[in-house]
Amino acid sequence: MAKVLVVDDSSSMRQMVSFALKQAGHDVTEGRDGNDGLSKAQGLKADLVITDVNMPGKDGLELTRELRKLPDYKFTPILVLTTEAGPEKKQEGKAAGATGWLVKPFDPEKLMSTVNKVLR
Amino acid sequence: MSMDMSQFTEAFLEESFEGLEHMETELLALNAGDEETLHTIFRAAHSIKGGAGTFGFSAISEFTHGMETLLDRMRNGQQETTPEIVNLLLRAVDVLRGQLQAARDGGEADPAEAAEVRALIEATLGDAAPDATPDALAPTVGGNVDGSGPENGPGDSDGTPRGWRIHFRPHADLLRTGNDPLRMFEVLEELGELTVHCDAEGLPATLEGYDPEASYLAWTLELRGDADRADIEEVFEWVEDECDLTIEPLETAGDSTGAHPPADPAPDGSGPESTPPGGEDSAAGAPARAASKPTESSSMRVNAAKIDALIDMVGELVITQSMLTDISEQMEEDPSRVEQQIERLRSGLAELERNTRELQESVMGIRMVPIAQVFNRFPRLVHDLSGQLGKQIDLQMEGELTEIDKTVLEHLGDPLVHLVRNAIDHGIEMPDERSAAGKDPTGRVTLEAYHRGGNVVIEIRDDGRGMNSDRILEKARAAGLLRPDQNPEPHEILQYIFEPGLSTADQVSDLSGRGVGMDVVKKNIRGLGGNIELHSEPGRGSRVTIRLPLTLSIMDGQLLKIHDETFVIPLIAIVESLQTEPENVKQAFGKLPLYRLRDEYIPVVDLAALFGQAEPSPMPDRALLVVAEADNQRVALRVDDLLGQQQVVIKTLETNFRRVPGTAGATILGDGQVALILDVAGIARMTSGRDTRAA
Amino acid sequence: MANDATQSIQDPATAGEDQYLTFILADEEYGVDILRVQEIKGWERPTPLPNTPDYIRGVINVRGMIVPIIDMRLRFGMEPLEYGPTTVVIMLRVISEDRERVMGIVVDAVSEVYSIGDDNLQPAPDFGTRIGIDFVRGLATVEEKMILVLDIDTLLGPGLIASEDAIQEGQSA
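If you read the protein sequences in the order shown, they are chains A, B and C. Residues 1 to 120 in full-length UniProt numbering are what the first sequence lists, from first letter to last. Residues 1 to 695 in full-length UniProt numbering are what the second sequence lists, from first letter to last. Residues 1 to 173 in full-length UniProt numbering are what the third sequence lists, from first letter to last.
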C-alpha cells in the first residue's frame, strides 16, 4: 500500500486522518508541524502528503513549496487540509504547488475517496 | 467503509481546552495592532472550528465561526482591537469552554449566553458579513464545487445512452502540482464507460526546448452513463484553473431538461440553511459523545521529547540485558574464567541499576506537567476581579514551567483560585486607600512555583493590608479553638485561619471571607499530602506557602528500624533526628515519656507498643529519636537505627486489605520485603488518644 | 491451575460438581473452591500490621502487590503451629462488596483436589451459637474422610477485614 505522510499540529486531527488511512492499509508517517513534516518527508519518499495549512512555525503552504523543491516530491500528490472553502485559499494552495485540497470538516469516507482520487 | 472516530474525540477536546487557554492568555496580553498575537489567537479558534466540525460538534463549530471571522478581520486590520472587543472575545472563550465541557461531560451548555455572545459578535461584524456562514455549516464536503449546483444528468428519460464529451487541455504546469491526467481518467472510468482520444498536436516539433516536466497533450474523452456533470467537475476540481475544460452532453442525448432523476436530492447533503442553529443537532450528536465520555484524568498529552527519551532508555536497557546474557554464556562456556567475568558482571549490574533508575525517573516524569496549566487561568481571573472590584492589580507569575504530578495539578486549581481570589478581594486595598497609605495604587499579587527538595512549593503573595492577628486570636477564642489562657506565638495565631471553626465565623470583620473556605483549602492540600502555611504583616501583605509532594505515588522516605522491623517515614515530615540527653528525658505520670527539645515537650512514641507488636519498654536515658511533625503536631519516634533515605513507591493496603491506622500504606524495598509507611499525623492522633486514656 | 479447573468443570462427566482444593489443619481436611485459588506459595515471613488480630500475620509482596496473610489455625482458635518448610500459603481471590481481594491463608499442608457435587454436601451441624459457622458451606465425605467445605467470601470477607469481633468470641469456645 501507499506511504502517506500526514502533517498536522493538532494531534486529534492527525490521529484521525492516520487512523482512517491505516484502516485502508496505508503506511502512515506523522509530522507534528511544518518543520517536522519536512524532515520526516526527507528520506521517506512518500506516495502522498496530506498537510494542514494553519500551523505554527512553517505552515502547510510553505511546507508544500519546500517539498516541491525536493526531487522526490516534484510530482508527489500533496493535499492540503483547510477549513477555508473560499476560492482564494484554494488558489493559494495551488500556487504553492498543492495537488488539491480537503476541506474540513470532513468525514473518513470523504477523506478516503479523495485520497483514492490521487493514489493509484 | 464506516469508521468510528469517537475514539479521537477525547484528544480533540483536550487539545481544544488547551487552545482555549492559549486564546485566553493571548487575549489578555493583546495590544492593538499586535498582529502576531492575533495570528496565534486566530489559529487557535480556527483549529477548534475545524476539529469541532469534523467530530460532529456543529454547535461549537458554528459558534467559533463568528469568532474566527472577527479575528480574521482584526488581524487584517479591518476591525479595530478595542478593550470591548477583547472582553467580547473573552466571553466567547467562556462560552466555548462551556460548550466543550458539555461535549465532554454530556451536559448542556448555556444556550442563552451562547446566543447572546454570538449575536454580539455578529452585530460587531455588522451586516457586511457576507461569508459568515458558508463552510462552517456544511455538514460534509460535497461535490458541489464553487456554486455549480447539482445538475441533471445528460440524456432524456427514454433510456437512450447518455453521456458527456469532455475536452481537456492541461496547461503546461499541471503536472507540477502532482496532478496526473491518467489518474483522473481512472476516476472517470469509475463513473461510466470511457473512451479517450489523445491529441498530441501540442507536442513541440523538435526536442529543442522540450520540457519533460511540462504537459503538452490534450484529450477528448467520452463518458457514457448517467454520471452527473457535478461528478465530472469534481474530478477536475483541483485543476480547473490549470486547464481548458469543456463538458458538454453527448450529441446523441436529446433534450436534457426534463430528466431530473427523481430520487436524487442534492448530493452534497443539506444546504447551509437547513442546519438548525444549536439545539437539534447537538441532541443528535449526544449519544456518540456520551459513549466516549472521558473522565477528567483518563488521558493526558505527553511531550514527545519525553517519549523519545524513554525509547532511548529502553534501548540502553536492551543493550545491558544482552551484555548480561553474554556474560552468563561465557561463564557457562569457560568456568575457569569466572573470576574475570564477575568483574564484568558487576559493572553490568551497575549499568542495569543506572538504566532502571533513569527509566523509573523518566516514567514518573511522564506524569509531570508544568504548573503553567493551572497558573494560566489567573490572568483572566485577575482581569475580571479587578474590573469588578475597581482595584488595580499587577499579577506576576514566576516558575510556571515547574513540573508537578498531573493528579496533584488537577486538584490544585480550586485551592489556588480560592487563595488568589482572597488576596485580591481582601488583601489588596482600593487604589485611594493604597495611595493614602503611601503605597503604589496598583497592588501586586505574585504566584510563584519552585522545586525544593522533593517538593513543589507554591507561594501566593500580595502586598495588601495583611492580616490582623489580634482579630484572628479573638475569633479563635470565640470559636473555642484555644483556651483563654493559651497565648500562641503571632505566627501560630495566623494558622488558625485554616481551622473550620473560624471559617463559619461571621463575615463582617476585615478578615471576613479570608476564613471562609480556608479550612477546605487546607483539607484539599493535605489530601494531596502537602501542607500550607500563612505569613502576614499588617500593612505589608500576606504570603501563603503551599508545599506539595512532586508526585503522589513516589515519595522521598527515610528508612528506619524499630524492633527489627523496617519502616519508612516521609522525609517531609521529619523535623530532626537526635540522640537523647538524659536530663531532657521526662516521664509524665511516671509512664508517659516526654522529651524536652529546646522549649518544647514532645511526646515520645514507643512505636512497637503503640502498634501492639511489643510490650511497652521503658525509655532509656540514651535513645535515638526522630522528631516528626504533621498537622502542627509533633511526635518523637524512638527508633533503633536510622537506615538510608530513598524514594519509595507508595502502595495502598486497601487494595487487598483495608486502611490501617498509623500507616499511610506500604512499599516494597529493594530486597522484596514489604515496609510500612508511617502516617505521622495518624501516629500523633493515636498517641494523644493513648494519653487521654492514660490520664 | 485455575485454567485446568475451568476445563474440568466443563467436562460433562463432572457437570453439576465443583472442584475443591483441600488443605489440612490439625489433621482435619478443609476444602475451598479451586476456581478461587490463585497460587500456592511456601511460607515467608510477612511484615506485621499494627493493631490487627493475631491471625492476620501481616503482608507480603506478591509480584508488586501487597497481600495480607491469614493464619487459619489462629483464625479458628486452634493451637498455633511452628512455621516450617512444609507450611504453605494458599493465595485466594476473595470477592466481597463488589471487589476482589487477594489474600493468603496459612495452612498445615495442601492435600488433594476433589470433585464434590452439591447433593453430596450436607449442611453443617449446629456447632452451638458461639462460633459463627456461616462460612461453612457444608460437609462432604470423600474416601471416608470428612471435608469441611468453606465459603471463603464469608470467611475472609468484610467481617475479617473490618475487625476482630465475632470469631474472637468464638475462640474461647
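A virtual CB, placed ideally from N, CA and C, is assigned to each residue, including glycine. Bear in mind the structure is a predicted one, so any value in this text is a computation, not a measurement.
Minimum Cβ-Cβ distance from A:M16 to chain B less than 7 Å:
Counting from 1 along the first sequence, the entry for residue 16 of chain A is found at position 16. It does: the Cβ of A:M16 has a partner Cβ on chain B nearer than 7 Å.
Where does B:L638 sit, in a helix, a strand or coil, going by DSSP?
What you label residue 638 of chain B is simply residue 638 of the second sequence in a count that begins at 1. Reading off the sequence shown, one finds Arg at residue 638 of chain B, where the question assumed Leu. Looking at B:R638 - three-state DSSP - the assignment turns out to be strand.
Indicate whether A:A46 and A:K90 have their beta-carbon atoms separated by less than 7 Å.
The count along the first sequence starts at 1 and reaches residue 46 of chain A at position 46. The count along the first sequence starts at 1 and reaches residue 90 of chain A at position 90. No, they are not a contact pair.
Are the Cβ atoms of B:E456 and B:I393 separated by less than 7 Å?
Here residue 456 of chain B is taken as the residue at index 456 of the second sequence, counted from 1. Here residue 393 of chain B is taken as the residue at index 393 of the second sequence, counted from 1. The sequence given here places Val at residue 456 of chain B; Glu does not occur at that position. No, the pair does not count as a contact, with Cβ atoms beyond the cut-off.
Answer with buried or exposed for B:L342, where buried requires no fewer than 16 other C-beta atoms within 10 angstroms of its C-beta.
Residue mapping note: residue 342 of chain B aligns to position 342 of the second sequence, counting from 1. Looking at the sequence provided, one finds Ile at residue 342 of chain B rather than Leu. It counts as exposed.
Assuming B:L38 contacts B:M5 under a Cβ cut-off of 8 Å, what Cβ separation, rounded to an integer in Å, is found between them?
Along the second sequence, read from residue 1 onward, the residue named residue 38 of chain B stands at position 38. Along the second sequence, read from residue 1 onward, the residue named residue 5 of chain B stands at position 5. The pair is not a contact, with the Cβ atoms about 31 Å apart (cut-off 8 Å).
Taking DSSP as the reference, what is the three-state secondary structure of B:V660?
Numbered from its first residue, the second sequence carries residue 660 of chain B at position 660. Correct three-state label for B:V660: coil.
Using a 10 Å radius around the Cβ and a threshold of 16 neighbouring Cβ atoms, would you call B:D127 buried or exposed?
Numbered from 1 along the second sequence, position 127 holds the residue referred to as residue 127 of chain B. Only weak support is given to the placement of B:D127: the predicted model assigns it a pLDDT of 47, under 50, and the value that follows is read from those uncertain coordinates. Result: exposed.
Helix, strand or coil at C:Y55 according to DSSP, with G and I counted as helix:
For the purposes of this step, residue 55 of chain C is taken as residue 55 along the third sequence, with counting starting at 1. The answer is coil: DSSP assigns C:Y55 none of H, G, I, E or B.
Report the start-end ranges of each beta strand (DSSP E) in the UniProt domain "CheW-like" (554-689) of chain B that is 3 residues or longer and not cut off at the edges.
554-562, 565-570, 574-579, 585-588, 592-597, 600-605, 624-630, 633-639, 641-649, 663-668, 674-678
Where DSSP assigns a beta bridge to C:N61, which residues make up the other side?
Mapped onto the third sequence, residue 61 of chain C falls at position 61. BP columns for C:N61 point to C:I66.
Would you kindly work out how many angstroms separate the C-alpha atoms of B:D338 and B:I327, rounded to a whole number?
Walking along the second sequence from the start, residue 338 of chain B turns up at place 338. Walking along the second sequence from the start, residue 327 of chain B turns up at place 327. Looking at the sequence shown, residue 338 of chain B is not Asp but Val. Each residue's Cα considered, the two are about 9 Å apart.
Can you tell me which of B:R91, B:R118, B:E36 puts its alpha carbon nearest to the alpha carbon of B:L69?
On the second sequence, position 69 is the one that residue 69 of chain B refers to. Here residue 69 of chain B is Thr; the residue named in the question, Leu, does not match the sequence. Ranking B:R91, B:R118, B:E36 by Cα distance to B:T69 puts B:R118 first.
Where B:S256 sits in the DSSP three-state scheme
Along the second sequence, one-based indexing puts residue 256 of chain B at 256. For B:S256, the predicted model reports a pLDDT of 41, less than 50, meaning its position is unreliable and no value from the coordinates is stated.
Can you list, in chain order, the residues of the stretch 225-250 of chain B whose Cβ is nearer than 8 Å to any Cβ on chain A?
Residues of the stretch 225-250 of chain B with a C-beta less than 8 Å from any C-beta of chain A: V235, E237, W238, D241, E242, listed in chain order.
Taking 8 Å as the cut-off, does the stretch 21-28 of chain C touch the stretch 63-70 of chain C (at least 3 CB pairs, one atom from each stretch)?
no
Determine, for C:I70, whether the minimum Cβ-Cβ distance to residues of chain B falls below 7 Å.
The residue labelled residue 70 of chain C in the question sits at position 70 within the third sequence. Cβ-Cβ to chain B under 7 Å: no for C:I70.
Are the C-beta atoms of C:P123 and some chain B residue less than 7 Å apart?
Here residue 123 of chain C refers to the residue found at position 123 of the third sequence. When Cβ-Cβ separations below 7 Å define contact, C:P123 makes no contact with chain B.
Mapping DSSP to helix, strand and coil, what is B:V456?
As a working mapping, residue 456 of chain B is identified with position 456 in the second sequence. Strand.
Any beta-carbon of chain B closer than 7 Å to the one on A:T64?
Taking the first sequence and counting its residues from 1, the one referred to as residue 64 of chain A is at position 64. So no, A:T64 is outside the interface.
So what does B:K406 bridge to, in DSSP terms?
Within the second sequence, numbered from 1, the residue matching residue 406 of chain B stands at position 406. None; B:K406 has no bridge partner.
When you compare only the Cα positions, how much space is there between C:V102 and C:V94?
Counted from its first residue, the third sequence places residue 102 of chain C at position 102. Counted from its first residue, the third sequence places residue 94 of chain C at position 94. If you take the alpha carbons of C:V102 and C:V94, they lie about 6 Å apart.
Give me, in chain order, the residues of the same chain whose beta-carbon lies closer than 7 Å to that of A:K40; leave out the 5 immediate sequence neighbours on both sides.
As a position in the first sequence, residue 40 of chain A is number 40, starting the count at 1. So the qualifying residues of the chain are L5, T29, G31.
What would DSSP say about B:P219, mapped onto helix, strand or coil?
Position 219 of the second sequence holds residue 219 of chain B. It should be noted that the sequence gives Trp, not Pro, for residue 219 of chain B. If DSSP states are grouped into helix, strand and coil, B:W219 belongs with the strands.
With a Cβ-Cβ cutoff of 7 Å, do C:F23 and C:V142 count as a contact?
Stepping through the third sequence from its first residue, residue 23 of chain C is reached at position 23. Stepping through the third sequence from its first residue, residue 142 of chain C is reached at position 142. 7 Å or more divides the Cβ of C:F23 from the Cβ of C:V142.
When the cut-off is 7 Å and only beta carbons count, does A:N35 lie next to chain B?
To locate residue 35 of chain A, count along the first sequence from 1; it is residue 35. Taking CB atoms only, A:N35 has no neighbour in chain B less than 7 Å away.
Which residue or residues does DSSP assign as beta-bridge partners of A:L79?
As a position in the first sequence, residue 79 of chain A is number 79, starting the count at 1. In the DSSP output, where bridge partners are listed per residue, A:L79 has A:I50, A:G100.
Keeping to the same chain, check which residues put their C-beta closer than 7 Å to that of A:G37; ignore five residues upstream and five downstream.
Residue numbering aside, residue 37 of chain A sits at position 37 when the first sequence is read from its first letter. Same-chain partners within the cutoff: L5, V7, G31, T51, L63.
Name the DSSP bridge partner or partners of residue 174 of chain C?
Summary: the structure shown does not reach residue 174 of chain C, with chain C confined to residues 1 through 173, and so no result is reported for it.
Interface positions of the stretch 171-199 of chain B facing chain A (Cβ-Cβ less than 9 Å), listed along the chain
With the criterion set as a beta carbon lying under 9 Å from some beta carbon of chain A, the members of the stretch 171-199 of chain B are L175, R176, T177, G178, N179, D180, L182, R183, M184, E186, V187, in sequence order.
Span separating the alpha-carbon of B:A573 from that of B:T545:
Within the second sequence, the letter at position 573 stands for residue 573 of chain B. Within the second sequence, the letter at position 545 stands for residue 545 of chain B. So the alpha carbons of these two residues sit roughly 16 Å apart.
Quick one, are the C-beta atoms of A:G57 and A:D33 less than 7 Å apart?
Stepping through the first sequence from its first residue, residue 57 of chain A is reached at position 57. Stepping through the first sequence from its first residue, residue 33 of chain A is reached at position 33. Yes, the Cβ-Cβ distance between A:G57 and A:D33 is below 7 Å.
Pick helix, strand or coil for B:M74, following the three-state DSSP scheme.
As a working mapping, residue 74 of chain B is identified with position 74 in the second sequence. Three-state result, B:M74: helix.
How many angstroms separate the CA atom of B:R97 from the CA atom of B:V408?
In the second sequence, residue 97 of chain B corresponds to position 97, counting from 1. In the second sequence, residue 408 of chain B corresponds to position 408, counting from 1. Spanning the two alpha carbons is a distance of roughly 22 Å.
Residue-level contact to chain C via CB, B:K651, 7 Å cutoff
In the second sequence, the residue the question calls residue 651 of chain B occupies position 651. In terms of beta-carbon proximity, B:K651 lines the interface with chain C, with at least one pair separated by less than 7 Å.
Are the CB atoms of B:I472 and B:Y496 within a distance shorter than 7 Å?
Within the second sequence, residue 496 of chain B is the residue found at index 496, counting from 1. Within the second sequence, residue 472 of chain B is the residue found at index 472, counting from 1. It is a contact, given that the beta carbons lie within the stated cut-off.
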